[in-house]
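Just so you know, we're using full-length UniProt numbering here: the sequence shown kicks off at 1 and counts up by one. Take a look at the structure below.
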Amino acid sequence: MSETTFKAMIVEEAEPKKFTRRIGERKISDLPDGDLLIRVHYSSLNFKDALSATGNKAVTRKFPHTPGIDAAGEVVECSCGRYQPGDQVLVTGYDLGMETDGGFGQYIRIPCDWAVKLPDGLSLRESMIIGTAGFTAGLCVWKLEQAGVQPDAGDILVTGASGGVGSIAVSILARLGYRVVAVTGKTAAADFLKTLGAAEVIGREAVLEGAERPMMKERWAGVVDVAGGDLLAGAIKATRYGGAVTCCGLVGSPDLNINVFPFILRGVSLLGVDSVQCPAEPRLAVWEKLAGLWKPEHLEETASECGLEELEEKIQAILKGQIRGRTLVNMK
Ligand code: NDP
């Protein structure tokens with residue numbers, strides 16, 4: 001088995017700070033140590049994968065490397081006794097696709113603790129349309145619920161709505177009966193976002209109207225933000241009394257220039273969301289919800305599928321913020 005070869009994306013540092021990507025062959029014996037060997041059927045493309053694939057050292061420092069922070073497939077070997085060959089599992093986060101070779105290879109080897117048994121109600125394919133982005137969207141909704149933001153509380157703002165996290169967040173929130181206001185930089189995405197359940201679609205500038213003031217008119221009962229920067233600051237300043245804002249991304253900027261007034265005068269909560277080291281209990285709870293009551297109604301409509309060979313084009317597109325919905329990578 002250890003000499004079995006398989007197809008994978010291989011990122012190499014040809015010369016310092018110059019990275020190349022190719023689809024090549026690797027051997028199972030090349031994979032890192034771990035107690036669980038998985039034959040990957042599907043992966044998905046996330047923003048972080050594009051950073052790893054283009055040599056961003058904040059994500060991956062060691063090359064050659066196979067990116068892919070998401071993977072779903074069948075267990076081939078398990079030395080911890082928790083899984084049987086043929087069991088279906090999914091993996092998101094931890095070190096997968098960062099320093100550990102990831103889902104853009106047909107096999108991965110990982111510690112057992114990173115795997116989640118595929119919940120009833122989800123196929124391997126569906127689990128990877130959701131992937132890290134959708135799981136993160138689920139964590140954001142879970143945190144809003146825990147903060148007491150109920151569907152009748154008022155409008156929920158979702159930024160980066162046409163992207164991976166945003167589109168799944170719109171779908172889940174709409175399914176749960178929230179009124180979703182989707183923010184997008186793509187006018188052409190309005191119909192897509194309405195199909196997913198957005199009640200209103202607005203441009204980024206609409207979130208920033210009046211943002212030069214310390215606080216703005218109260219508009220949002222809750223916020224799912226992937227942008228950071230000015231959009232997040234504007235969203236916080238316009239969050240209603242007692243509302244909550246989840247922060248998970250930085251596509252706009254990692255900076256946050258804000259004062260304390262929304263927190264001390266309106267009791268607004270800013271809730272950080274991390275999908276990578278998320279502990280097992282909430283991880284399993286959110287995946288169960290994503291397979292059941294929260295399962296997005298239009299999952300297939302949010303996805304476009306590609307193989308390893310088409311991944312390069314998609315990597316360039318996600319870096320430019322041009323991807324709509326989720327990109328499923330077929331590894332079969
Ligand atoms: P995508 O590229 O799929 O989507 C991001 C979307 O953000 C774009 O499609 C675009 O949507 C919008 N956008 C792009 N540039 C800007 C900008 N300059 N200002 C405002 N909006 C912009 O990425 P993902 O959805 O996969 O990830 C989103 C963010 O969340 C990333 O920063 C990622 O690293 C982070 N993330 C964090 C996780 C965590 O655990 N904390 C896990 C997963 C992702 P539109 O055109 O509709 O505005």
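Note that beta-carbon positions come from the ideal geometry of N, C-alpha and C, so glycine has one too.
Please state whether DSSP places residue i in a helix, a strand or coil.
| i | result |
| --- | --- |
| Ser123 | coil |
| Gly186 | Checking the sequence shown, residue 186 turns out to be Lys, not Gly. Note: Lys186 maps to coil in three-state DSSP. |
| Cys306 | strand |
| Gln316 | helix |
| Phe47 | helix |
| Ile172 | helix |
| Gly177 | coil |
| Phe63 | coil |
| Trp114 | helix |
I'd like the list of long-range same chain contacts for residue i, defined as Cβ closer than 7 angstroms, with 5 residues on each side in sequence excluded.
| i | result |
| --- | --- |
| Ser275 | Thr92, Gly93, Thr132, Phe135, Thr136 and Leu139 |
| Leu232 | Asp225, Cys247 and Leu256 |
| Thr327 | Ser44, Leu45, Ser304, Cys306 and Lys314 |
For residue i, is the beta carbon positioned less than 6 angstroms from some heavy atom of the ligand NDP?
| i | result |
| --- | --- |
| Phe47 | yes |
| Leu308 | no |
| Lys143 | no |
| Ser127 | no |
| Ser275 | yes |
| Thr60 | no |
| Ser162 | yes |
| Ala227 | yes |
| Cys248 | yes |
| Val251 | yes |
| Val165 | yes |
Does the Cβ of residue i have 16 or more other Cβ atoms within 10 Å, making it buried, or fewer, making it exposed?
| i | result |
| --- | --- |
| Glu25 | exposed |
| Ile172 | buried |
| Met1 | exposed |
| Arg213 | exposed |
| Tyr241 | exposed |
| Asp152 | exposed |
| Asp191 | exposed |
Ignore the nearest five residues each way along the sequence and tell me which others in residue i's own chain have a CB closer than 6 angstroms to its CB.
| i | result |
| --- | --- |
| Asp80 | First, the amino acid is wrong: residue 80 is Cys here, not Asp. Counting only Cβ-Cβ distances below 6 angstroms, and skipping sequence neighbours, we find Asp35 and Cys112. |
| Lys62 | Glu99 |
| Ser269 | Ala147 and Ala244 |
Please indicate yes or no: does the CB of residue i lie closer than 6 angstroms to some heavy atom of the ligand NAD?
| i | result |
| --- | --- |
| Thr132 | As far as ligands go, the structure on display features the ligand NDP and does not contain the ligand NAD. |
In the stretch 224 to 281, which residue ranges form an unbroken alpha helix (DSSP H) of at least 4 residues, counting only runs that do not cross its ends? The alpha helix (DSSP H) runs lying completely inside the stretch 224 to 281 and spanning 4 residues or more are 229 to 237 and 261 to 266, given in chain order.
Beta strand (DSSP E) runs contained entirely in the stretch 75 to 109, provided each spans 3 or more residues: Listed in chain order, the complete beta strand (DSSP E) runs (minimum 3 residues) inside the stretch 75 to 109 are 88 to 92.
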